[in-house]
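Structure first, commentary second.
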Amino acid sequence: MIRLDHVTHRYDDRVVLDDVDLELSERRIAVVGANGSGKSTFARLINGLIVPSQGSVTVDGLDTATQGAEVRRRVGFLFTNPEAQIIMPTVGEDVAFSLRRSGLPADQVRTKVAETLRALDLAGLEDRPSTHLSGGQKQLLALASVLVLEPDVLVCDEPTTLLDLRHTRQVHGILAALALQLVLVTHDLDLAADSDRVLVFDEGRVVADGAPGEAIAHYRGLVR
Amino acid sequence: MSLPLAVSGDSWLHRMPAGRKLLALLVGEVIVAAAARSVAAATVAVVVAAALWSLARVPVRTAWRSLRLILLVATLVGAAQWWYAGGAPAFVVTSQLVVAVAIAVLVTLTTRTSDLLDALDRGLKPLRHLGVDPARVSLTLALAVTSVPVVGGLLGELRQAARARGIRPGPVVLGVPLVVRTLQHADQLGEALAARGVDD
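Keeping their order, the protein sequence lines are chains A and B.
Quick note on numbering: the first sequence equals residues 4 to 227 in the numbering used here.
Quick note on numbering: the second sequence equals residues 1449 to 1648 in the numbering used here.
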């Protein structure tokens, strides 16, 4: 359960989230809104990457402001740009890097890396330099580096914005099949329509919240 | 632009544990700097380095790609030395330079980065008492290795962007935007590391 308790967030004097009060227990939650509406800030608050200026954010009762490390162990985060997420020079090493502090023996790390890469259609690319991957493969690698940690919640900030149609569909399929709570910030309304609940952000506030049909219709009305 | 990455192989150098290889590299670099100071000694150093490369069975194309820059630099340095100091000093300095870089590159070509990091983690553990965080040092190394091609890619994008606007790309035009884009990348990377709990 993700809980935002009257959260306001400011960057200097600019209010980017204004008194957001939410409980998120659904399996798939989509977040839509115009650029600058506060979606990405909302996503970063859930992972504890930023802490609210006012109010509190908790994940399964853990406060992101005081228990950030424990929150991040439960909440994975996928960014828009995979280039900024890849740390190690080869595919296999990058996924294994996520497990460096897990204390798992090397053979278990290898097994988990191989299983994760297989699940994301990257099997056989373990020794491929990550810089030689296509944009879509890089995003899959970034996703693999998060999923290998087996998070309970996955927050994705516009994960398909930089991808071609084929890889967008592939990422859609993978995200849809995941057995975890998914919070998906997206401009892709088809993807949002597959969610259990859709939040519409506008100027830092949640202006619509509900079933995909109604919420997306509200959003379309905003941008008309 | 790229930094040499490990190439798969089954030579004895590939099989040698990373820690032992790093130690041997350290000893080798000290010997090259301290002892290869005559034409005879420098020749021996070159022959030994060439033998190591041969034993590692690195593909010729990879070897050329990995060493061409240092060979170019060494040629320029050697020419300058020849002009000022004569043939023998030029040969010694050039040989020292090429051998020092070549054996370091050979270690990176025959060792996976993750193995190097593990070896560094283990090797630096005693320095914990002095406030050194081995995991942080090895992470810094990994970031340095992966950031070189990223910055190269940014430079390529900026060059193309300048050409697309009819501007001739040069150091003055590209310098500031490259620094800004590199800092933006560093910012994003830092956020991604935090999201992965690396600093927790």
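Built from N, CA and C at the ideal position, the CB exists for glycine as well.
For R31(A), tell me which candidate among L225(A), A211(A), V186(A) has the shortest Cα-Cα distance.
Residue mapping note: residue 31(A) aligns to position 28 of the first sequence, counting from 1. Comparing Cα-Cα distances from R31(A) to each of L225(A), A211(A), V186(A), the minimum goes to V186(A).
Could you name the residues that DSSP lists as bridge partners for Y14(A)?
For the purposes of this step, residue 14(A) is taken as the residue at position 11 of the first sequence. DSSP, once it has assigned bridges, lists R17(A) as partnering Y14(A).
From the DSSP secondary-structure annotation, give me the bridge partner or partners of T61(A).
As a working note, residue 61(A) is residue 58 in the first sequence. Beta-bridge pairing links T61(A) to R6(A), D66(A).
Quick one: grab the DSSP three-state call for A1466(B).
Along the second sequence, one-based indexing puts residue 1466(B) at 18. In the structure shown, A1466(B) sits in a helix (DSSP, three-state: H, G or I).
Can you tell me the Cβ-Cβ gap for T119(A) and V151(A), rounded? I've got them flagged as a contact below 8 Å.
Locating residue 119(A) in the first sequence gives position 116, where the first residue counts as 1. Locating residue 151(A) in the first sequence gives position 148, where the first residue counts as 1. Rounded, the Cβ-Cβ distance is 4 Å, consistent with contact.
Using the Cβ count rule (16 or more neighbours within 10 Å means buried), how would you classify H12(A)?
One-based indexing of the first sequence puts residue 12(A) at position 9. Classification of H12(A): buried, given that the 10 Å Cβ count is 16 or more.
How is the beta strand (DSSP E) around F204(A) delimited, first residue to last?
Translated into positions along the first sequence, residue 204(A) becomes position 201. Looking at the DSSP string, the run of the beta strand (DSSP E) that includes F204(A) is 200-205.
Along the chain, which unbroken stretches of the alpha helix (DSSP H) at least 4 residues long are found entirely within the region 39-126 of chain A?
42-50, 71-77, 94-100, 109-122
8 Å Cβ cut-off: residues of chain B touching A87(A):
The sequence position of residue 87(A) within the first sequence is 84, counting from 1. The answer, in chain order, is H1633, Q1636, L1637, E1639, A1640.
Residues bridged to Q184(A) (per DSSP):
Within the first sequence, residue 184(A) is the residue found at index 181, counting from 1. Bridge pairing for Q184(A): V156(A) [DSSP].
Please confirm if A46(A) has its CB atom under 8 Å from at least one CB of chain B.
The sequence position of residue 46(A) within the first sequence is 43, counting from 1. A46(A) does not count as touching chain B.
Going along chain B in order, which residues have a C-beta closer than 7 Å to the C-beta of L146(A)?
Along the first sequence, one-based indexing puts residue 146(A) at 143. By Cβ distance, chain B contributes nothing, its closest Cβ being about 12 Å from L146(A), past 7 Å.
Could you compute how far the alpha carbon of D16(A) sits from the alpha carbon of D22(A)?
As a working note, residue 16(A) is residue 13 in the first sequence. As a working note, residue 22(A) is residue 19 in the first sequence. Cα to Cα, the separation comes out at about 15 Å.
Q173(A) beta carbon less than 8 Å from that of G139(A):
Along the first sequence, one-based indexing puts residue 139(A) at 136. Along the first sequence, one-based indexing puts residue 173(A) at 170. Taking C-beta atoms as the reference points, G139(A) and Q173(A) count as a pair closer than 8 Å.
If we count the other Cβ atoms within 10 Å of its Cβ and call it buried at 16 or more, is E26(A) buried or exposed?
Here residue 26(A) corresponds to residue number 23 of the first sequence, with the count starting at 1. Classification for E26(A): exposed.
Using a cut-off of 7 Å between C-beta atoms, extract the partners of P1597(B) located in chain A.
Taking the first residue of the second sequence as position 1, residue 1597(B) is located at position 149. Within 7 Å of the CB of P1597(B), the CB atoms of chain A belong to T134, in sequence order along the chain.
contact_flag[the region 73-83 of chain A, the region 155-169 of chain A] where n(CB pairs < 8 Å) is 3 or more:
yes
Report the rounded CA-to-CA distance for R227(A) versus P1619(B), giving the unit in angstroms.
As a position in the first sequence, residue 227(A) is number 224, starting the count at 1. As a position in the second sequence, residue 1619(B) is number 171, starting the count at 1. Their backbone Cα atoms lie some 45 Å apart in a straight line.
Own chain residues within Cβ distance below 7 Å of A195(A), not counting five before or after
As a first step, residue 195(A) is located in the first sequence; it is residue number 192 there, counting from the start. Cβ within range, chain order: A33, V35, T189, V201, P215, I219.
First through last residue of the alpha helix (DSSP H) which encompasses G1601(B):
By 1-based counting over the second sequence, the position of residue 1601(B) is 153. Start and end: 1582-1612.
By DSSP, does I1518(B) sit in helix, in strand, or in coil?
Residue 1518(B) sits at position 70 when you count from the first residue of the second sequence. Helix.
Could you say if the region 1464-1484 of chain B and the region 1543-1557 of chain B meet the contact criterion of at least three C-beta pairs nearer than 8 Å?
yes
Are the region 139-149 of chain A and the region 1594-1614 of chain B in contact at 8 Å, needing three or more beta carbon pairs?
no
Within this structure, are the beta carbons of I5(A) and V62(A) separated by less than 8 Å?
Here residue 5(A) corresponds to residue number 2 of the first sequence, with the count starting at 1. Here residue 62(A) corresponds to residue number 59 of the first sequence, with the count starting at 1. A contact, by the Cβ cut-off of 8 Å.
Closest Cβ-Cβ distance between T1523(B) and chain A: below 8 Å?
The count along the second sequence starts at 1 and reaches residue 1523(B) at position 75. No, T1523(B) does not count as interfacial toward chain A.
Taking just the CA atoms, how far does L1603(B) sit from L1524(B)?
Taking the first residue of the second sequence as position 1, residue 1524(B) is located at position 76. Taking the first residue of the second sequence as position 1, residue 1603(B) is located at position 155. Going by the C-alpha atoms only, they are around 25 Å apart.
Through-space distance from V1646(B) to L65(A), alpha-carbon basis
The residue given as residue 65(A) occupies position 62 in the first sequence. The residue given as residue 1646(B) occupies position 198 in the second sequence. Straight-line Cα distance between these residues: approximately 19 Å.
Should K42(A) go down as buried or exposed, given a rule of 16 or more other Cβ atoms within 10 Å for buried?
Numbered from its first residue, the first sequence carries residue 42(A) at position 39. Counting Cβ neighbours within 10 Å, K42(A) comes out buried, since at least 16 surround it.
Would L102(A) count as contacting chain B if we go by Cβ distances under 8 Å?
As a working note, residue 102(A) is residue 99 in the first sequence. False, the Cβ-Cβ gap to chain B never drops below 8 Å.
Boundaries of the alpha helix (DSSP H) in which I219(A) is found, first to last residue:
For the purposes of this step, residue 219(A) is taken as residue 216 along the first sequence, with counting starting at 1. That run of the alpha helix (DSSP H) goes 215-226.
Does I1615(B) pass the burial test, meaning 16 or more other C-beta atoms within 10 Å, or should it be called exposed?
Within the second sequence, the letter at position 167 stands for residue 1615(B). Result: exposed.
Just the C-alpha distance for S1456(B) and V1494(B), rounded to the nearest angstrom, thanks.
For this step, residue 1456(B) is matched to residue 8 along the second sequence. For this step, residue 1494(B) is matched to residue 46 along the second sequence. Distance between the alpha carbons of S1456(B) and V1494(B): 24 Å.
D1458(B) - DSSP class collapsed to helix/strand/coil:
On the second sequence, residue 1458(B) is found 10 positions in, with the first residue counted as 1. DSSP places D1458(B) in coil when its eight states are reduced to three.
Over the uninterrupted beta strand (DSSP E) stretch that includes R31(A), give me the two end residues.
Taking the first residue of the first sequence as 1, we reach residue 31(A) at position 28. From DSSP, the beta strand (DSSP E) with R31(A) extends over 31-36.
Is the shortest distance between the beta-carbon of L125(A) and the beta-carbons of chain B less than 8 Å?
What you label residue 125(A) is simply residue 122 of the first sequence in a count that begins at 1. L125(A) does not count as touching chain B.
Kindly say whether G1419(B), judged by its beta-carbon, lies nearer than 8 Å to any beta-carbon of chain A.
Outside the shown range of chain B, which is 1449 to 1648, sits residue 1419(B), and nothing can be said about it.
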